[in-house]
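The working numbering numbers the first residue of the sequence shown as 22 and each following residue consecutively.
Every residue gets a Cβ at the ideal spot worked out from N, C-alpha and C, and that includes glycine.
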Amino acid sequence: MKSIKNILFIMSIILINFVIGVLYLKYETFQHNESYLTLNKELTKKLAINITLTEKLIHSELKFKALHKKLTLLEHSTLERLNRLIIKTDEILLTNKTLPSLSDPDGCEPNRGLIKKHVKFDKSYSVQPKVFASVTLIDFSEGSDHRLKLNITNITTTGFDITLATWCNTKMSKVRANWMAFGY
């Protein structure tokens, strides 16, 4: 509000100077009437430009204040949502000791090294969370094709299914997958 008052104060000073200038020019007009008209037109144009620029400045400041208010509300809303965000992580580790078929394949059967596990959240989400998973460790054997599939399915507010699978002659001694769930 102070800046609007400052702008109005400046506008009034400009207007007073303009009026003084016009009065001075009227006094001088008796001698140079034609030059007075030219100067008066130029001063009128400059005053109109100043008034237009001042109006634009006031309008821009009001727009800025409204935008600032909206951004402040959005910031508070975002912080509230972030405070409610629940993030959970864990991992699944398969070794040739827990799943011997990983290192000793018997033909090219599909899903030979399959493990499917249902992960249950210790605390339910209020809406279905987003779940991401990635393979973070692979110890493959030399000389065979390397095949590994990781899937996340059946995501609910209480848990999801994670599946790791190899097939054909893929040999490995270890594989680890990490997952992360986040939501509200």
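Hey, how far is the Cα of D166 from the Cα of W188? For this step, residue 166 is matched to residue 145 along the sequence shown. For this step, residue 188 is matched to residue 167 along the sequence shown. Computed Cα separation, rounded: 10 Å.
Should K141 and T179 be called a contact, given that it needs their Cβ atoms to be closer than 8 Å? Position 120 of the sequence shown, counted from the first residue, corresponds to residue 141. Position 158 of the sequence shown, counted from the first residue, corresponds to residue 179. Yes, they are a contact pair.
Using beta-carbon positions only, say whether I136 and F203 come within less than 8 Å of one another. Start at 1 with the first residue of the sequence shown, and residue 136 comes out as number 115. Start at 1 with the first residue of the sequence shown, and residue 203 comes out as number 182. Taking 8 Å as the Cβ cut-off, I136 and F203 do not qualify as a contacting pair.
What does DSSP give as the partner residue(s) for R102 in the beta ladder? The residue you call residue 102 lines up with position 81 of the sequence shown. Paired residues: none, contrary to the question.
What are the boundary residues of the beta strand (DSSP E) that G164 is part of? Here residue 164 is taken as the residue at index 143 of the sequence shown, counted from 1. According to the DSSP assignment, G164 belongs to no beta strand (DSSP E), since it is labelled neither H nor E.
From N175 to M193, what distance separates their C-alpha atoms? The count along the sequence shown starts at 1 and reaches residue 175 at position 154. The count along the sequence shown starts at 1 and reaches residue 193 at position 172. Spanning the two alpha carbons is a distance of roughly 27 Å.
Segment limits, beta strand (DSSP E) that includes I107: Position 86 of the sequence shown, counted from the first residue, corresponds to residue 107. Residues I107 to T116.
With DSSP as the reference, please indicate the residues paired to D182 in a beta bridge. Your numbering for residue 182 matches position 161 in the sequence shown. For D182, which the question treats as bridged, DSSP gives the partners H139 and T174.
Sort out for me which residues DSSP pairs K195 with in a bridge. Locating residue 195 in the sequence shown gives position 174, where the first residue counts as 1. T116 and D160.
Of the residues A186, N199 and Y205, the one placed nearest L120, counting alpha carbons only: By one-based count along the sequence shown, residue 120 stands at place 99. Distance from the Cα of L120 is smallest, within the candidate group A186, N199 and Y205, for A186.
Of the residues S162, S155, F181 and G164, which one's Cα is nearest the Cα of L170? Position 149 of the sequence shown holds residue 170. Per the sequence shown, the amino acid found at residue 170 is Lys instead of Leu. Closest by alpha carbon: S155.
Pop quiz: L123 and L114 are said to be a contact at Cβ under 8 Å. What is the actual Cβ separation, rounded to whole angstroms? Indexing the sequence shown from 1 puts residue 123 at position 102. Indexing the sequence shown from 1 puts residue 114 at position 93. Between L123 and L114 the beta-carbon gap is near 12 Å, outside 8 Å, which marks them as no contact.
Smallest Cα separation from Q149: which of E101, I72, Y205 and I173? Within the sequence shown, numbered from 1, the residue matching residue 149 stands at position 128. Checked all of E101, I72, Y205 and I173; the closest Cα to Q149 is Y205.
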